[in-house]
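Working notes, beginning with the structure itself.
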Amino acid sequence: MKTLVIERAAGEVENTDFFNSLPEDVLGSNSETTVKGSQFKQPLIEFSGACAGCGETPYVKLITQLFGDRMMIANATGCSSIWGGTFPTIPYCKNKDGHGPTWANSLFEDNAEYGFGMRLAVKANRYQLKNSVQLLLDTGTDAKLTELLNIALDNWDSTDKEAKENSKNIQDILPEVLEKADNRTVNHIRKIIELKSYFINKSVWAFGGDGWAYDIGYGGLDHVMATGRNMNILVLDTEVYSNTGGQASKATPLGSVAKFAESGKNTVKKDMGMMLMTYGYVYIASISMGANKNQALKAIREAEAYNGPSIIMAYAPCINHGFNMAYTQKEEKKAVDSGYWLLYRYNPDLEKEGKNPLILDSKEPTIPVTDFLKGERRYTSLERTFPEKVKNFRSRFTDYAKKRYELYSSMADK
Ligand SMILES: Cc1ncc(C[n+]2csc(CCOP(=O)(O)OP(=O)(O)O)c2C)c(N)n1
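For the sequence shown, this note's numbering assigns the number 32 to the initial residue and increments by one for each residue that follows.
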């Protein structure tokens, strides 16, 4: 670190300009549907204030690489709202075209509803935009604009590269058409200009932790899922209320030490995925990036593409767990290899094709679940004080993990 004067004299301004002029999204022959291809896209989040090794940020980074240029995020209060936007800095950013996620933090107790409101607003705005486009076309307007608007109408739900290009072309030409507009068209054109950013549908997300999703915001989350509307929820599951120092939530597993569960939590983790499966029309996935990047990417893409409510539970290790955070991704793998965390996708679209909607992506555990439990302080801290209790928890956990795996695999096999 040197003073600005020295850095400038050494040519850092030119270096920065050069760096910023480098192309983004250099996929070459790779597709963004692959793990490799997705990583050639520009993340629209950078320099977050999260703890080193945080399990939450990699999921959000990936989602912004896939949909960031047309995303809206409702963020529940919690770690993700703190590393995601502590005034006056915000890590969410824009690409060269000026597109990036819009983001806002709501209360802990209403974030799913907050995101749902965004979805309804997008729907209403797109409806108005389409209406104005139709009225303008019926009245008659500039030939080039007519051609572009017809392409937009024919591809109204498309979010691919061509649709984005077409939307950009429309936006470029609108000011000059407005200048030449007559009394019959001027109001329609003004309305289209007002709503021009809605030519491409938005990807609406609600982000938050397990304290939000499993506990305090659960009533609203359940309600929003039940509406059947197209809304995506990402639960960054650290298995405790991380941001306030690790209180137990209903996502805290059996035997884990947390605040309000000082002698180990005596009940098992709430199985929110299973509860939501009873609706039958909710897309549900359970992912753990370090265990299977491909499955995580697939689940995120499927959840976003599903034309209805989607929820992803993402396993997110946290400093509260008590292990070396340099190995977060490895710990995520160990969680799945031991059967501590399950990987699955429940896709209602498969049922429409006559297939089983549930795909269990986890293999049979290859290591005992107790190996996982023995590696984290939240499970080992009772060893000296209550060794008998720990023994009991471990045996109950082994039994519970086995039964859970058997239940999911029997449901997925049918
Ligand atoms: C109604 C309400 N209760 C309590 C709080 C205080 N609070 C802020 S963040 C937080 C913990 C969030 O935990 P979680 O949802 O699991 O997210 P994480 O921090 O783990 O990412 C709490 C309790 C609050 N903001 N609102």
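Backbone N, C-alpha and C define an ideal beta-carbon position, used for all residues, glycine too. Fair warning: this is a prediction, and the values are worked out from it, not measured in the lab.
**Prompt:** Is Thr275 closer than 8 Å to Lys296 when the C-beta atoms are compared?
**Reply:** Within the sequence shown, the letter at position 265 stands for residue 296. Within the sequence shown, the letter at position 244 stands for residue 275. Taking 8 Å as the Cβ cut-off, Lys296 and Thr275 do not qualify as a contacting pair.
**Prompt:** Hey, is Thr283 close to ligand 1, as in C-beta under 7 Å from one of its heavy atoms?
**Reply:** Counted from its first residue, the sequence shown places residue 283 at position 252. No; taking the cut-off as 7 Å, the Cβ of Thr283 has no heavy atom of ligand 1 nearer than that.
**Asked** Tell me which same chain residues have a C-beta within less than 7 Å of the C-beta of Asn46, skipping the five on either side of it?
**Response** As a first step, residue 46 must be located in the sequence shown, where it is residue number 15. Here the set comprises nothing.
**Message:** At a cut-off of 7 Å, would you count Leu93 as near ligand 1, judging by its Cβ distance to the nearest heavy atom?
**Reply:** Here the question's residue 93 lines up with position 62 in the sequence shown. Checking every heavy atom of ligand 1 against the Cβ of Leu93, none is found closer than 7 Å.
**Asked** Given that a residue counts as buried once 16 or more other Cβ atoms are within 10 Å of its Cβ, and exposed if not, what is Lys324?
**Response** On the sequence shown, position 293 is the one that residue 324 refers to. Burial call: buried.
**Asked** Beta carbon of Asn274: closer than 7 Å to some heavy atom of ligand 1?
**Response** Stepping through the sequence shown from its first residue, residue 274 is reached at position 243. Yes, the beta carbon of Asn274 sits closer than 7 Å to at least one heavy atom of ligand 1.
**Message:** Do Val255 and Glu144 have their beta-carbon atoms positioned less than 8 Å apart in this structure?
**Reply:** The count along the sequence shown starts at 1 and reaches residue 144 at position 113. The count along the sequence shown starts at 1 and reaches residue 255 at position 224. Cβ distance < 8 Å, so Glu144 and Val255 count as in contact.
**Asked** Nearest to Gly131 by alpha carbon, out of Val235, Met32, Leu179?
**Response** Numbered from its first residue, the sequence shown carries residue 131 at position 100. The shortest C-alpha separation from Gly131 is found at Val235.
**Asked** Using DSSP with H/G/I as helix, E/B as strand and the rest coil, what is Ile264?
**Response** Counting from one through the sequence shown, the residue named residue 264 turns up at place 233. Strand at Ile264.
**Request:** Starting from the Cα of Phe403, find the closest Cα among Ala432, Asn387, Glu384 and give me that residue.
**Result:** In the sequence shown, the residue the question calls residue 403 occupies position 372. Closest by alpha carbon: Ala432.
**Asked** Taking the DSSP output, what are the residues bridged to Tyr272?
**Response** Position 241 of the sequence shown holds residue 272. BP columns for Tyr272 point to Gln278.
**Prompt:** Regarding Asp241 and ligand 1, is the C-beta to nearest heavy atom distance less than 7 Å?
**Reply:** One-based indexing of the sequence shown puts residue 241 at position 210. Correct: Asp241 has its Cβ closer than 7 Å to ligand 1.
**Request:** Run through the segment 383-411 for me and flag every whole beta strand (DSSP E) of 3 or more residues, listed as ranges in chain order.
**Result:** 389-391
**Message:** If you follow the alpha helix (DSSP H) that Gly146 is in, where does it begin and where does it stop?
**Reply:** By one-based count along the sequence shown, residue 146 stands at place 115. Segment 142-170, the alpha helix (DSSP H) holding Gly146.
**Item:** Distance between Ser69 and Gly116 (C-alpha atoms, nearest Å)
**Value:** What you label residue 116 is simply residue 85 of the sequence shown in a count that begins at 1. What you label residue 69 is simply residue 38 of the sequence shown in a count that begins at 1. Their Cα atoms are separated by approximately 24 Å.
**Item:** Cβ neighbour criterion (16 or more within 10 Å) applied to Phe98
**Value:** Along the sequence shown, read from residue 1 onward, the residue named residue 98 stands at position 67. Buried, by the Cβ-count rule.
**Prompt:** Mapping DSSP to helix, strand and coil, what is Asn186?
**Reply:** Indexing the sequence shown from 1 puts residue 186 at position 155. DSSP places Asn186 in coil when its eight states are reduced to three.
**Message:** Relative to the C-alpha of Ala357, which candidate in Ala135, Trp134, Gly86 has its C-alpha closest?
**Reply:** In the sequence shown, counting from the first residue as 1, residue 357 sits at position 326. For Ala357, the nearest C-alpha among the options comes from Gly86.
**Message:** Closer than 8 Å is the cut-off here; do at least three beta carbon pairs connect the segment 135-143 with the segment 245-252?
**Reply:** yes
**Prompt:** Buried or exposed: Met103, going by 16 or more other Cβ atoms within 10 Å of its Cβ?
**Reply:** Sequence index remark: in the sequence shown, residue 103 carries index 72 (1-based). The residue is buried, with at least 16 neighbouring Cβ atoms inside 10 Å.
**Item:** Proximity to Leu328 [Cα-Cα], best of Asn61, Val66, Phe49
**Value:** As a position in the sequence shown, residue 328 is number 297, starting the count at 1. Looking at the Cα atoms, Val66 is the closest of the given residues.
**Request:** Please go through the same chain and pick out, in chain order, the residues whose beta-carbon is closer than 8 Å to the beta-carbon of Ile247, but skip the five residues on each side of it.
**Result:** Taking the first residue of the sequence shown as position 1, residue 247 is located at position 216. Closer than 8 Å at the Cβ level, and outside the excluded window around Ile247, lie Phe139, Glu140.
**Prompt:** Under the three-state reduction of DSSP, which class applies to Asn20: helix, strand or coil?
**Reply:** No answer is possible for residue 20: the residues shown for the chain start at 32 and end at 445.
**Prompt:** What residues in its chain sit with their C-beta under 7 Å from that of Glu63, if we drop five residues either side in the sequence?
**Reply:** For the purposes of this step, residue 63 is taken as the residue at position 32 of the sequence shown. Within the same chain, Glu63 has close Cβ partners Ser69, Lys72, Leu97.
**Asked** With Ala330 and Ile343 assumed to form a contact (beta carbons below 8 Å), what rounded beta-carbon distance in angstroms separates them?
**Response** Against the sequence shown, residue 330 aligns to sequence position 299. Against the sequence shown, residue 343 aligns to sequence position 312. Sure, about 6 Å apart at Cβ, within 8 Å.
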